[in-house]
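With the numbering used here applied, the sequence shown has no gaps in its numbers, which climb one by one up to 195 at the end.
Heads up, the thing below is written out as structure tokens.
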Amino acid sequence: NGAGKTTTAAKLAHRVKANGGKPMLAACDTFRAAAIEQLNLWGERLDIPVISSNYGADPASVAHDAASSALGKGSDYLFIDTAGRLHTKHNLMRELEKLHRVISGKVDGAPHETLLVIDASVGMNAMNQAREFNKTVPLTGLVITKLDGTSKGGMVVAIQHELGLPVKFIGLGEQPDDLQPFIPADYARALFFEE
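Pasting the structure below:
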């Protein structure tokens, strides 16, 4: 919780749009106070459509509706923002499995990416999160957020070594362009050398 999943989804959609693509966002965090509003605000700010429902709605139903809308409107990408969850809460992990099943049944080969967003400051607990999430839904990579502070996110080395999950992006701030592709050489330099 608080790792920056909603902001990351919006920033990824922004990257697609900036490169000429047609993204759509899905507000499938139907439980956190203000999550739907937060994603809708990002959508307005970035001029990207957002599919949402009411608080308490079934996240998998929202994802299904969003996938239908994305297909119908010719969107290139659908970014699904899900609720934060502790990897120890089995009912929430089952909910994530359900969402994954619904999307894979709706769009051939989907989800094409399943990214775990990790706050750089959480330390080695990130390894436990990555293990459990990867068992529940096959992850394709990581996004490490909040690297603009003092945290360096060194745990990603262990996660990559054990699980083979590549870091796809890093978050360096709150602005739409503050999500950058991960460049291993730059990261290693920042991790081991003071700048």
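No residue lacks a Cβ here, since even glycine has one placed at the ideal position from N, Cα and C.
None of the values given here were measured: they were computed from a predicted structure.
Under 8 Å by Cβ, that's how I've got C28 and P49 pegged, so tell me the actual separation to the nearest angstrom. As a working note, residue 28 is residue 28 in the sequence shown. As a working note, residue 49 is residue 49 in the sequence shown. About 15 Å separates the two Cβ atoms, so there is no contact after all.
What number of angstroms, rounded off, separates the C-alpha of V137 from the C-alpha of G109? Working through the sequence shown from its first residue, we reach residue 137 at position 137. Working through the sequence shown from its first residue, we reach residue 109 at position 109. For V137 and G109, the gap between their C-alpha atoms comes out near 14 Å.
If we count the other Cβ atoms within 10 Å of its Cβ and call it buried at 16 or more, is F79 buried or exposed? Against the sequence shown, residue 79 aligns to sequence position 79. With 16 or more other CB atoms across the displayed protein chains lying within 10 angstroms of its CB, F79 is buried.
Would you identify the three-state DSSP class for I36, choosing helix, strand or coil? Working through the sequence shown from its first residue, we reach residue 36 at position 36. DSSP places I36 in helix when its eight states are reduced to three.
Considering only their Cβ atoms, is the gap separating L165 from L142 smaller than 9 Å? The residue given as residue 142 occupies position 142 in the sequence shown. The residue given as residue 165 occupies position 165 in the sequence shown. Result yes, Cβ atoms of L142 and L165 sit closer than 9 Å.
Three-state secondary structure (DSSP) of D81: Counted from its first residue, the sequence shown places residue 81 at position 81. D81 falls in the strand class under three-state DSSP.
D186: first and last residue of the uninterrupted alpha helix (DSSP H) it sits in: Along the sequence shown, one-based indexing puts residue 186 at 186. Here the alpha helix (DSSP H) through D186 covers P184 to F192.
Helix, strand or coil, according to DSSP, for P166 in the structure here? Numbered from its first residue, the sequence shown carries residue 166 at position 166. Coil.
Look at the alpha carbon of L71 and the alpha carbon of Y77, and state the distance between them as a whole number of angstroms. The residue labelled residue 71 in the question sits at position 71 within the sequence shown. The residue labelled residue 77 in the question sits at position 77 within the sequence shown. So the alpha carbons of these two residues sit roughly 9 Å apart.
R11: buried (16+ other C-beta within 10 angstroms of its C-beta) or exposed? As a working note, residue 11 is residue 11 in the sequence shown. According to the sequence shown, residue 11 is Lys rather than Arg. With 16 or more Cβ atoms within 10 Å of its Cβ, K11 is classed as buried.
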